[in-house]
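Residue numbers (my numbering), protein chains in the order written: chain A, -6 to 417; chain B, 4 to 198.
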C-alpha cells in the first residue's frame, strides 16, 4: 500500500511524462527511488503494528490488574462470572472457526492458545476461590486432558508449545511415580502425534528445537523460583538491558559511543549481579535504607551521568526525550526523595530502563539494525511481565502504569504510522 | 462428460467433508463438554459442601510463604495432623486411616477404628511415615488463599496479640461426610469468611 503522498507523486509523474516535461528514463528513476521508500514503508507499518500490539497487551494487563485489585472485595458469584468470561469467549471463537470453516493459521493458533490459556485461568481461579487443594502437576494434567481435543480442531503449534511448557512444569512438580510416568507418556504423545499425524510433516528438527527451548525455559523458571528470591525476576530485565547496551556499544564503529555504552553495560551488570547475589539487599536494604546513603546516590548518579552523556551524543529528539524524561524525573526525585513514598524509586528506575529500551528500538529503526529493535522489544516485554508479577509497586499503581503505558504505546504506533520514513 | 466430472467432484468433496468435518465437530463438542464438566464439577462440588456441610474449627500454626506461581500464601498444617500419634496397631507408611471427632462438638479429633455414620465429619488420610510406634499423617490441606485484610490479621496474629502473646488462629472447614472445604479463617475473635 502506497503512502498518499507517494500515490500523488506517481500520478504527477504520469502527467509529466504525458506532457513530456520529463523523459521516460527520468520518470522510471524517480519511480524506483520512491518504490524503495514505499518498501521501507512496510517496515514502518510493521513497527506500528508491533507497538500497537504491545500497547494492547499492556492495556489488557492493566485491566487484569484492575480486576485483581478489586478481586477480594467482589462477591464469590461475581468472581465466578468474571472467571468464566474468557473460556466462554474462547468457545465462541472456536465455534465461529468451526462453523465458518476459517482454516487459516491465524485463526487456528489464536483460538487454540486462547482456549488453553482461558482454561488455565478459569481452573486456577476456581481452585483459588474455593481453596481446592492439589499439586501443580495435577492441575496442568487436568488442563491438558480437557484441552487435547482442541488439537484435533486446530492443529496448533502454539498449543503444542504451551502444553509442552505445562508438561515440563507438571513433570518436575508432581509427586509419585505413576503420575510422573503418565505425564511422561503424555509428553511423548504430544511430541509424536501432532506433527506426524495432523501436519504430516517430517520437520522434527523444528519440533525438537522448540521442545528444547521450552524445556530450557521451564528449567530456568523452576530454578529461579526455587533458588532465587522473587526480586530476581526484576533483575532479569536489567541483564537484558545491559546486554543490549553492551553489544550495541561493541558493534558501533565510534569509540566515543563504544566506551560509554560498554561502561554502562558493565555498571549495569555489576549492579545486577550484586543485587542478584544478595537478593535480600534488594528488598530490605536498597528499598528502605540505602536510598538515603551516599553509595546508592553515587551509583544512580553515575548511571544518570552516563545517560546524560548518551543523551548529548544522540542528535534526534526521540533519543533526547527517551533519555531526558526519566533522567529529569530521577533528578527531581533525588532532590526531594525524603518526601516521596518508597514506590517512587522502583517507578523511576523503571522509567529509566524503559527510556533506554525505547532509545534502543528507535536507534535500531534509524540505523536499520533489526537486532537492536528485536532486543529492545524483548527487553520491553520482559519488563512488562516482571512488573506484572513484581511486588515492589502497589497493585493500583501497577494497574494505572499498565493502562497509561498501553495508551502511550498505541499512541506511538499511531504516530509511527503518520511519520514520513527516514531515508536510509 | 462434464456432468460426470461434476458429479465425481461433488462426491469426492462430500467424502472429504464426511471424513473430516464430523471429526472436527465432535472434537469441538468434546472440548466444550470436557471443559464445562470439569469446571462445573469443581464449582458445584464446592458449593454443595459449603452449603450442606457441618462447620469444624481446626487450630493451625501458619508459616509465611511466597512463590512465583501462587504469590503470597500461608502454608499450614492443622494441629490435628501435625502431631505424632502413638500406634497401637501395625500401620505402615502409605496405609489409609480415618481421622474424626470423638465428641459431639467436633473439638477433639483422633484416629477412628471405623468410618463414622450419619453426617459426622471425618478425614480419610494416608500415613506419611511410621517409626518406633508413632506415625505421621499426610494433611489434606496445605494452603489457603487470603485477601489483604485476612493476611494483615494473620501476620499481626503471628507476631503478637493484644496481651503480648500470639493470637490463636483457626481454620474454619465445612465438612460433608469425608468431603471438606475451607470456608474461612478465625484470628483471635475476628472471622474472615469468604464472601
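Cβ atoms here follow ideal geometry from the backbone N, Cα and C, with glycine treated the same way.
- About 33 Å separates the Cβ atoms of residue 146 (chain A) and residue 59 (chain A), ruling out a contact at the 8 Å cut-off.
- When the five nearest sequence neighbours on each side are left out, the beta carbons in the same chain lying within less than 8 Å of the beta carbon of residue 72 (chain A) are those of 64, 118, 122, in order along the chain.
- Separation of residue 372 (chain A) and residue 48 (chain A) (C-alpha to C-alpha, rounded to the nearest whole angstrom) is 15 Å.
- Under the 10 Å beta carbon count, residue 47 (chain B) is surrounded by fewer than 16 other beta carbons and is classified as exposed.
- Look at residue 129 (chain B): its C-beta is not under 8 Å from any C-beta on chain A.
- Beta-bridge pairing by DSSP links residue 398 (chain A) to no other residue.
- Along the segment 112 to 125 of chain B, there is no position whose C-beta sits under 8 Å from a C-beta of chain A.
- Residue 112 (chain A) and residue 56 (chain A) have their C-alpha atoms spaced approximately 19 Å apart.
- With respect to chain A, the C-beta atom of residue 185 (chain B) has a partner C-beta closer than 8 Å.
- Closer than 8 Å to the CB of residue 38 (chain B) there is at least one CB belonging to chain A.
- Contact annotation: residue 67 (chain A) and residue 27 (chain A) have beta-carbon atoms that are not nearer than 8 Å.
- Rounded to whole angstroms, the Cβ separation of residue 388 (chain A) and residue 31 (chain B) is 37 Å, and the two are not in contact under 8 Å.
- Rounded to the nearest angstrom, the gap between the Cα atoms of residue 9 (chain A) and residue 21 (chain A) is 12 Å.
- Look at residue 144 (chain B) here: in three-state DSSP terms it is coil, with no helix or strand label.
- As a beta-bridge residue in DSSP terms, residue 188 (chain B) pairs with B:174, B:195.
- Residue 97 (chain A) is outside the set of residues whose beta carbon lies under 8 Å from a beta carbon in chain B.
- In the DSSP annotation of this structure, the continuous segment of the alpha helix (DSSP H) that includes residue 141 (chain A) starts and ends at 129 to 147.
- Taking 8 Å as the cut-off, the Cβ atoms of residue 104 (chain A) and residue 83 (chain A) count as close.
- Burial is judged here by how many other beta carbons sit within 10 angstroms of a residue's own beta carbon; residue 59 (chain B) has at least 16 and is buried.
- Interface annotation for the segment 109 to 141 of chain A against chain B: 112, 115, 116, 119, 120, 121, 122, 123, 124, 125, 126, 129, 135, 138, 139, 140, criterion Cβ-Cβ distance under 8 Å.
- Think of a sphere of 8 Å around the beta carbon of residue 25 (chain B): no beta carbon from chain A falls inside it, the nearest being about 11 Å out.
- Taking the CA atoms as reference points, residue 106 (chain A) sits about 26 Å from residue 70 (chain A).
- Counting every other CB atom within 10 Å of its CB across the protein chains shown gives residue 26 (chain B) a total below 16, marking it as exposed.
- Following the DSSP letters along the chain, one finds residue 81 (chain A) in no beta strand (DSSP E) but inside the alpha helix (DSSP H) bounded by residues 69 to 92.
- For the segment 71 to 85 of chain A, residues whose beta-carbon sits nearer than 8 Å to a beta-carbon of chain B comprise 73, 77, 80, 84.
- For residue 403 (chain A), the CB contacts under 6 Å within the same chain, skipping 5 residues up- and downstream, are 45, 48 in chain order.
- Interface with chain B (8 Å Cβ-Cβ cutoff): residue 145 (chain A) is included.
- For the pair residue 124 (chain A) and residue 175 (chain B), the CB atoms are not nearer than the 8 Å cut-off.
- Annotated as distal: residue 131 (chain B) and residue 120 (chain B), with beta-carbon spacing of 8 Å or more.
- The C-beta distance from residue 139 (chain A) to residue 41 (chain B) rounds to 5 Å, short enough to fall under 8 Å.
- In this chain, the beta strand (DSSP E) harbouring residue 115 (chain B) covers 112 to 115.
- By the criterion of a C-beta distance shorter than 6 Å, residue 49 (chain B) is surrounded in its chain by 184, once the five residues flanking it on both sides are discounted.
- Residue 110 (chain B) and residue 84 (chain B) have their C-alpha atoms some 14 Å from each other.
- Inter-residue distance for residue 152 (chain A) and residue 141 (chain A) is about 9 Å (C-alpha atoms, whole angstroms).
- Contact between residue 135 (chain A) and residue 109 (chain A) is ruled out by a C-beta separation of about 13 Å, above the 8 Å threshold.
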